[in-house]
Amino acid sequence: MFPDPSSNSARNFERAKDVLPGGNSRSTIDLKPHPIYVAEASGSKVTDVDGNVYIDFINNFTSLIHGHAFPAVTEAVTVQLPKGTAFSFGTEQELAHAELICGRVPGFDKIRFMNSGTEAVMNAIKASRAFTGRPKIAKCEGAYHGSYDFAEVSLNTGPEDWGQNEPRSKAYSKGTPQGVLDDVVVIPYHDEVAASELLKRHAGELAAVVYDPVSSRVGMVPPSQAYLEMLVEFCQSNGVLLIFDEVIAFRLGYEGAQGVRGVTPDLTALGKIIGGGFPVGAVAGRSDVMQVFEPGQGLPHGGTFNANPVTMVAGMATMEGMTRDAFDALNAMGEYGRQGFGEAFLRAGISAQVTGQGSLMRMHLTDRSLNSYRTIYPKPEESARMATLHQYLLNAGFYMAEYGLICLSTVNTKDEVDAFIEATIAGLTTAEAA
Ligand SMILES: Cc1ncc(COP(=O)(O)O)c(C=O)c1O
103 MFPDPSSNSA RNFERAKDVL PGGNSRSTID LKPHPIYVAE ASGSKVTDVD GNVYIDFINN
163 FTSLIHGHAF PAVTEAVTVQ LPKGTAFSFG TEQELAHAEL ICGRVPGFDK IRFMNSGTEA
223 VMNAIKASRA FTGRPKIAKC EGAYHGSYDF AEVSLNTGPE DWGQNEPRSK AYSKGTPQGV
283 LDDVVVIPYH DEVAASELLK RHAGELAAVV YDPVSSRVGM VPPSQAYLEM LVEFCQSNGV
343 LLIFDEVIAF RLGYEGAQGV RGVTPDLTAL GKIIGGGFPV GAVAGRSDVM QVFEPGQGLP
403 HGGTFNANPV TMVAGMATME GMTRDAFDAL NAMGEYGRQG FGEAFLRAGI SAQVTGQGSL
463 MRMHLTDRSL NSYRTIYPKP EESARMATLH QYLLNAGFYM AEYGLICLST VNTKDEVDAF
523 IEATIAGLTT AEAA
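Here the sequence shown is numbered in the working numbering, starting from 103 and rising by one per residue.
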């Protein structure tokens, strides 16, 4: 049972608090009253240090597209390890992975590797500043783009900040310098008229608009085609770069979300799946913009572990397994899940819905119309129901993110999805009766 103060997980947490602030190195894995510690994982299943088994519907926050310990990755890494794991030299592994990714996406003339999605967004923003000579960026209210100061602005605005209609630049971390807030223009995610008005006001100072076409924190209600066209048109006519954050969204298709939506951004931030379960980030895009990374061209960029050969071979083994057919099958499973949830909620008379695209879903415990970050923002009672459901699902052997993010991998079966839906209905019925 979770939580269990006498469990190995609870005991580990007591030890962890002595040496790690908050007991971990990653705020997103925090779980009250204690996190769960994993012993091992394989395919779709994770086993914790107390022997409990969970079907993993979060896949390390979307980074594992083939589930855990994918045999092709294990083999590639096992071959690489005795050959060395980090060099201050170029490697053919880096070259091969760059060719693989650039070969798939028409807008990727060049790519530059780094170690996390945070670094990818940061370097894409820095590249846009170096290329345009302008200081500001625009981003959407509520959208998560990693931990770079500028990318974090207004990540957590809530009803207390919504006095005025226009989103405002709000610090996420304590101590964020005012200069950072001044240089970030915050726009709404779904309203192209309001967003365009705000963008035009700052057009001459903007280096880039950073946009995630499947933003999980903005509720995963897909943007309209009109919104995407507005972004492209605004950027093209004002010399502003369009940066897609596809750190998660790249799992939507063979050519990423940009292929699915028919948009070619100037730069794309990548991460997660392209590292095959190892730390990774990358910036890819137009050659004239990517030129800023060349020596003497404005953006020196080091990184001891950039393009690490272990990450490169793991990433290649992963992406080679993601053929067009594999993406189609995975996305069809996502559609199956979304439909299944919708029908099950209706049958059970439960006020809930599931949004999302491809293999990604986000559960909302409300039946109100969801068309903006502010309508998606859960009311306190919805968050409380979600917390009860999350704990119920844990005890039933299913793991999703605490805020209702669900992510499938190629190893998930229809039976697993059906069982997850059934457990969710049982959990919500329990929560509603409580
Ligand atoms: C859309 C998006 N951008 C950037 C990041 C940051 O990536 P990382 O955690 O690898 O730094 C994340 C992480 O979840 C993300 O979801």
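Don't be surprised by glycine CBs; every beta carbon is placed ideally from N, CA and C. Just so you know, these numbers come straight off a predicted model, no measurement behind them.
- Residue pairing by DSSP places serine 144 opposite Lys147 in a beta bridge.
- The distance from the Cβ of aspartate 158 to that of tyrosine 501 is about 5 Å, consistent with a contact at the 8 Å cut-off.
- Residue Gly436 holds the alpha-carbon nearest to the alpha-carbon of methionine 463 among Ser485, Phe172 and Gly436.
- DSSP, read as helix, strand or coil, puts histidine 492 in helix.
- In the three-state reduction of the DSSP assignment, arginine 128 falls in the coil class, being assigned neither a helical nor a strand state.
- No Cβ-Cβ contact shorter than 8 Å links valine 255 with valine 207.
- DSSP, reduced to helix, strand and coil, places phenylalanine 522 within a helical segment of the structure shown.
- The beta carbon of glycine 125 is closer than 6 Å to those of Phe115, Ala118 and Lys119 in its chain, skipping five residues each way along the sequence.
- Cβ neighbours of tyrosine 156 within its own chain (closer than 6 Å, five residues either side excluded): Val148, Gly499 and Tyr501.
- In the displayed model, threonine 413 falls within a helix according to three-state DSSP.
- Note on the stretch 282 to 321: whole beta strand (DSSP E) runs with a minimum of 3 residues are 286 to 289 and 308 to 313, in chain order.
- Spatial neighbours of proline 315 in its own chain (CB-CB distance under 7 Å, excluding positions within 5 residues in sequence) are listed in chain order as Pro325, Phe346, Ala351, Ala359 and Arg363.
- With fewer than 16 other Cβ atoms inside 10 Å of its own Cβ, alanine 188 counts as exposed.
- Counting along the chain, glutamine 441 sits inside the alpha helix (DSSP H) bounded by residues 426 to 450.
- By the CB criterion at 8 Å, phenylalanine 395 and alanine 229 fall inside the cutoff.
- With 5 Å as the limit, the residues whose C-beta approaches a heavy atom of ligand 1 more closely than that are Ser218, Gly219, Thr220, His247, Gly248, Asp314, Asp347, Val349, Ile350 and Gly373, in chain order.
- Remark: C-beta atoms of serine 111 and valine 175 do not approach each other more closely than 8 Å.
- In its own chain, leaving out the 5 sequence neighbours on each side, no residue places its CB closer than 6 Å to the CB of glutamine 441.
- Per the Cβ contact rule, the stretch 379 to 390 is not in contact with the stretch 335 to 342 (fewer than 3 Cβ pairs under 8 Å).
- Beta-bridge annotation (DSSP): leucine 369 is paired with Ile345 and Gly387.
- A contact is defined here as three or more CB-CB pairs under 8 Å, and the stretch 158 to 171 meets this definition with respect to the stretch 135 to 147.
- Ranked by Cα distance from asparagine 410, the options Val181, Ser165 and Phe215 are led by Phe215.
- In the DSSP assignment, glutamine 459 forms a beta bridge with Leu462.
- Pairing valine 415 with valine 311, the inter-Cα distance amounts to about 32 Å.
- When only Cα atoms are considered, phenylalanine 191 and asparagine 408 end up about 11 Å apart.
- With the rule of 3 Cβ pairs closer than 8 Å, the stretch 418 to 437 does not count as touching the stretch 227 to 243.
- Close CB contacts of serine 471 within its chain, under the 8 Å cut and outside five residues either way in sequence, are with Thr477 (chain order).
- When DSSP reads this structure, alanine 503 sits in no beta bridge, so it has no partner.
- Residue environment: proline 269 is assigned as buried (16 or more neighbouring CB atoms within 10 Å of its CB, all protein chains considered).
- Under the DSSP definition of a beta bridge, arginine 353 lacks any partner.
- With a 10 Å radius around the Cβ and a threshold of 16 neighbouring Cβ atoms, proline 184 comes out exposed.
- Sequence-distant partners of tyrosine 329 (beyond 5 residues in either direction) whose C-beta falls short of 6 Å from its own C-beta, in its chain, are Glu294.
- With at least 16 other beta carbons inside 10 angstroms of its own, threonine 220 counts as buried.
- At the C-beta level, threonine 413 and glycine 377 come within 8 Å of one another.
- Residue state for phenylalanine 215 is assigned as strand, using DSSP reduced to three classes.
- Following the DSSP letters along the chain, one finds valine 255 in no alpha helix (DSSP H), marked with neither H nor E.
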